[in-house]
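What follows is a single structure, written as structure tokens, with notes after it.
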């Protein structure tokens, strides 16, 4: 990747730099690490890439091994969608907020549901007492969803819905609301989180055991592939795993393992070809201000990085 002359110059430059560091009284041997306790060298030079297979370890944007992103042009080809995570009180309250956000330049919607809705309880359930409309909007019926989406052009604005156990039911209400607006399912787009394995690992909102939960996910993937082709029927989420205390490496490991499990279940249970549904799988990773946690460093102890993938 680099000529021997370039590497020799890099080594000489490193020695000179280390000498300058020592002369300032800074300890050159002081250990620095990322939030996940991965060692960070004092400085990186071409020497750190010596012997690196560019094609195998780095590659080009949009190509294997995807260390430079999954899109060839990144955000130069398409600006990301701007979504404010929003939802509170009644459907009327959140509808007014959504209209305000769209009028002020938001390009997509991201729905926060209250805890009873997240757990599949109606607002009049004794278990929902004191939680209705807190930290999210309360949704119980199709009428609620019609109020929530009143005046929202569902064929022009994509909607993300952060919900897991009752995701198929909530999604059905959204589809019915769109239908009542006269909008075809093929014209709407968005994402339901619908990631149940992550709930057992981290966020702890669950209604069914793992097996029937995964079966519901496969059902939604099959339905979406056939009838709602612009919809991401699952957002495989590492974010919550990281927030629950994992390292960046563990976040990626658990999230990718969850994704593999979902894909395999759809293949086995639904007998679907992977390429028919995989393009609509969304991923949601954590992101930190630590530069070395946001990128893959070839030759580092873990040789993995952390990226944030937004929802379409």
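Residue numbers (the numbering used here): 1489 to 1800.
Just so you know, even glycine gets a beta-carbon here, dropped at the ideal spot from N, CA and C.
Note that the structure is predicted; figures quoted are calculated from it, not measured.
Nearest candidate by alpha-carbon position, reference residue 1676, set 1652, 1689 and 1660: Here residue 1676 is taken as the residue at index 188 of the chain shown, counted from 1. The option with the nearest alpha carbon to residue 1676 is 1660.
Just checking my contact of residue 1596 with residue 1570 at CB under 8 Å: how many whole Å lie between their CB atoms? By one-based count along the chain shown, residue 1596 stands at place 108. By one-based count along the chain shown, residue 1570 stands at place 82. Contact flag correct, Cβ pair sits at about 7 Å.
Could you spell out the range, first to last residue, of the beta strand (DSSP E) harbouring residue 1771? What you label residue 1771 is simply residue 283 of the chain shown in a count that begins at 1. Run containing residue 1771: 1769-1772, per the beta strand (DSSP E) assignment.
Classify residue 1527: buried if its beta carbon has 16 or more other beta carbons within 10 angstroms, exposed otherwise. Start at 1 with the first residue of the chain shown, and residue 1527 comes out as number 39. Answer is exposed; the Cβ neighbour count stays below 16.
At the level of alpha carbons, what is the spacing between residue 1738 and residue 1505? On the chain shown, position 250 is the one that residue 1738 refers to. On the chain shown, position 17 is the one that residue 1505 refers to. When rounded, the distance between both Cα atoms is 35 Å.
Per DSSP, what kind of secondary structure is residue 1583 in: helix, strand or coil? The sequence position of residue 1583 within the chain shown is 95, counting from 1. The answer is helix: DSSP assigns residue 1583 an H, G or I state.
Count the C-beta pairs between the region 1656-1671 and the region 1694-1702 that are closer than 8 Å, then say yes if the count reaches three, no if not. no
According to DSSP, residues forming a beta bridge with residue 1722: Translated into positions along the chain shown, residue 1722 becomes position 234. Partner(s): 1769.
Tell me whether residue 1632 is buried or exposed, calling it buried when 16 or more other Cβ atoms sit within 10 Å of its Cβ. Position 144 of the chain shown, counted from the first residue, corresponds to residue 1632. Buried, because 16 or more other Cβ atoms sit within 10 Å of the Cβ of residue 1632.
DSSP state of residue 1649, grouped into three classes? The sequence position of residue 1649 within the chain shown is 161, counting from 1. In the structure shown, residue 1649 sits in a strand (DSSP, three-state: E or B).
With a 10 Å radius around its C-beta and 16 neighbouring C-beta atoms as the bar for buried, classify residue 1468 as buried or exposed. The shown model of the chain, from 1489 to 1800, leaves out residue 1468, and the question about it has no answer.
Could you check the C-alpha separation between residue 1620 and residue 1612 for me, to the nearest Å? Locating residue 1620 in the chain shown gives position 132, counting from the first residue. Locating residue 1612 in the chain shown gives position 124, counting from the first residue. Distance between the alpha carbons of residue 1620 and residue 1612 is about 9 Å.
From the DSSP secondary-structure annotation, give me the bridge partner or partners of residue 1679. One-based indexing of the chain shown puts residue 1679 at position 191. Its beta-bridge partners are 1648 and 1720.
Could you give the distance in angstroms between the alpha-carbon of residue 1717 and the alpha-carbon of residue 1730? The count along the chain shown starts at 1 and reaches residue 1717 at position 229. The count along the chain shown starts at 1 and reaches residue 1730 at position 242. Rounded to whole angstroms, residue 1717 to residue 1730 spans 30 Å at the Cα level.
Short Cβ contact (9 Å threshold) for residue 1649 with residue 1680: Along the chain shown, read from residue 1 onward, the residue named residue 1649 stands at position 161. Along the chain shown, read from residue 1 onward, the residue named residue 1680 stands at position 192. Cβ distance < 9 Å, so residue 1649 and residue 1680 count as in contact.
Assuming residue 1602 and residue 1625 form a contact by the criterion Cβ under 8 Å, report the distance between their Cβ atoms to the nearest whole angstrom. Within the chain shown, numbered from 1, the residue matching residue 1602 stands at position 114. Within the chain shown, numbered from 1, the residue matching residue 1625 stands at position 137. Indeed, because the Cβ distance is near 6 Å, the residues count as touching under 8 Å.
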